[in-house]
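Novice: The structure is given below, and queries will be raised subsequently.
Next up, the structure:
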């Protein structure tokens with residue numbers, strides 16, 4: 002197992018934003034960048050262009066707004082996650098107009114360039130269930146509610162203190178796990194907020210030391226990407 006601890010040199014501060022950035026590296030090729038962001042109230046990421054990326058956005062505390070160039074607005078919160086498949090290019094802005102917000106974003110390189118852009122969201126009316134992984138996003142051929150143009154699965158988990166939960170695994174896929182809040186153990190490793198742990202294969206069970214929120218990525222070994 003490889004552990005990437007939350008370090009000061011991963012932090013970038015831009016006015017009302019604090020971003021912790023991790024780059025999973027070559028073994029997780031299409032999983033290019035992982036950002037954990039703290040947004041102060043009224044923080045705004047101005048209208049900008051993304052191209053040939055799959056952008057997964059997840060808010061676990063507070064709320065954010067996604068505004069397209071066409072004026073369409075989507076709210077993101079603990080009940081709603083989003084994927085922007087940028088394809089040939091999309092323009093949008095994001096903001097936290099109502100409350101301080103904690104947001105997680107992952108940038109994934111697709112298998113092919115030049116796809117038709119699309120934005121999709123997934124809402125859970127009851128919110129995040131306890132001690133049970135939820136499949137949020139996956140390849141086009143999967144039954145995931147959010148579809149990616151890449152061989153990547155994304156799950157989330159809210160684990161209670163004292164609970165033990167098996168980490169999802171698919172044969173031929175490597176696993177990357179990020180802790181958003183709380184404290185957990187994965188095997189003999191104790192993870193704190195911002196830490197990540199990975200394995201080229203399956204990871205040991207997650208055990209909650211405090212109530213915690215986690216994101217897991219399963220990335221196909223040897224997958225091609227742009």
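Residue numbers (this note's numbering): 2 to 227. Every residue, glycine too, gets a C-beta built ideally from N, C-alpha and C. Small disclaimer: the values here were computed from a predicted structure and weren't measured.
1) Can you give me the start and stop residues for the beta strand (DSSP E) that residue 180 sits inside?
2) Please name the residue or residues paired with residue 19 in a DSSP beta bridge.
3) Helix or strand or just coil, what does DSSP make of residue 217?
4) With distances taken from CA atoms, which of 104, 54, 43 and 5 is nearest residue 36?
5) Please state the DSSP three-state secondary structure of residue 24.
6) Residue 119: which of 97, 162, 70 and 127 sits nearest, CA to CA?
7) Determine the direct distance from the alpha carbon of residue 149 to that of residue 135, and round the result to whole angstroms.
8) Looking at residue 201 and residue 221, is the spacing between their C-beta atoms short of 7 Å?
9) Apart from the five residues on each side of it in sequence, which residues of its chain come closer than 6 Å, Cβ to Cβ, to residue 1?
10) Report buried or exposed for residue 152, applying the criterion of at least 16 other Cβ atoms within 10 angstroms of its Cβ.
11) Under a Cβ-count criterion, where at least 16 other Cβ atoms within 10 Å of its own Cβ denotes burial, should residue 10 be classed as buried or exposed?
12) What does the alpha-carbon distance come out to for the pair residue 127 and residue 27?
13) Output the boundary residues of the beta strand (DSSP E) element that contains residue 103.
14) Cβ atoms of residue 56 and residue 85: under 7 Å apart, would you say?
15) Tell me whether residue 165 is buried or exposed, calling it buried when 16 or more other Cβ atoms sit within 10 Å of its Cβ.
16) Run through the DSSP bridge pairs and tell me what residue 76 is partnered with.
17) Quick one: what does DSSP say residue 57 is sitting in, helix, strand or coil?
18) Anyone know if the C-beta pair for residue 186 and residue 208 falls short of 7 Å?
19) May I ask you to report which of helix, strand or coil DSSP gives residue 9?
Specialist: The short version:
1) Start at 1 with the first residue of the chain shown, and residue 180 comes out as number 179. Element bounds for residue 180: 174-182.
2) In the chain shown, counting from the first residue as 1, residue 19 sits at position 18. Note: residue 19 sits in a beta bridge opposite 14 and 39.
3) By 1-based counting over the chain shown, the position of residue 217 is 216. It is a strand residue.
4) Counting from one through the chain shown, the residue named residue 36 turns up at place 35. Closest option to residue 36, Cα to Cα, is 104.
5) Residue numbering aside, residue 24 sits at position 23 when the chain shown is read from its first letter. In this structure, residue 24 counts as coil in the three-state DSSP scheme.
6) Position 118 of the chain shown holds residue 119. That would be 70, whose Cα lies nearest to the Cα of residue 119.
7) One-based indexing of the chain shown puts residue 135 at position 134. One-based indexing of the chain shown puts residue 149 at position 148. Residue 135 and residue 149: Cα-Cα distance of roughly 16 Å.
8) Locating residue 221 in the chain shown gives position 220, where the first residue counts as 1. Locating residue 201 in the chain shown gives position 200, where the first residue counts as 1. Taking 7 Å as the Cβ cut-off, residue 221 and residue 201 do not qualify as a contacting pair.
9) Since the first residue of the chain shown is 2 and the last is 227, residue 1 is not available in this structure.
10) Here residue 152 is taken as the residue at index 151 of the chain shown, counted from 1. The residue in question, residue 152, is buried, as its Cβ has 16 or more Cβ neighbours within 10 Å.
11) Position 9 of the chain shown, counting from 1, holds the residue named residue 10. Burial call: exposed.
12) Looking up residue 127 in the chain shown gives position 126. Looking up residue 27 in the chain shown gives position 26. One C-alpha to the other measures close to 37 Å.
13) Taking the first residue of the chain shown as 1, we reach residue 103 at position 102. From DSSP, the beta strand (DSSP E) with residue 103 extends over 102-109.
14) By one-based count along the chain shown, residue 85 stands at place 84. By one-based count along the chain shown, residue 56 stands at place 55. Against a cut-off of 7 Å, the Cβ pair of residue 56 and residue 85 comes out as a contact.
15) Locating residue 165 in the chain shown gives position 164, where the first residue counts as 1. With fewer than 16 other Cβ atoms within 10 Å, it is exposed.
16) On the chain shown, position 75 is the one that residue 76 refers to. In the DSSP output, where bridge partners are listed per residue, residue 76 has 66.
17) As a first step, residue 57 is located in the chain shown; it is residue number 56 there, counting from the start. Strand at residue 57.
18) What you label residue 186 is simply residue 185 of the chain shown in a count that begins at 1. What you label residue 208 is simply residue 207 of the chain shown in a count that begins at 1. It is a contact, given that the beta carbons lie within the stated cut-off.
19) On the chain shown, residue 9 is found 8 positions in, with the first residue counted as 1. The DSSP-derived three-state label of residue 9 is helix.
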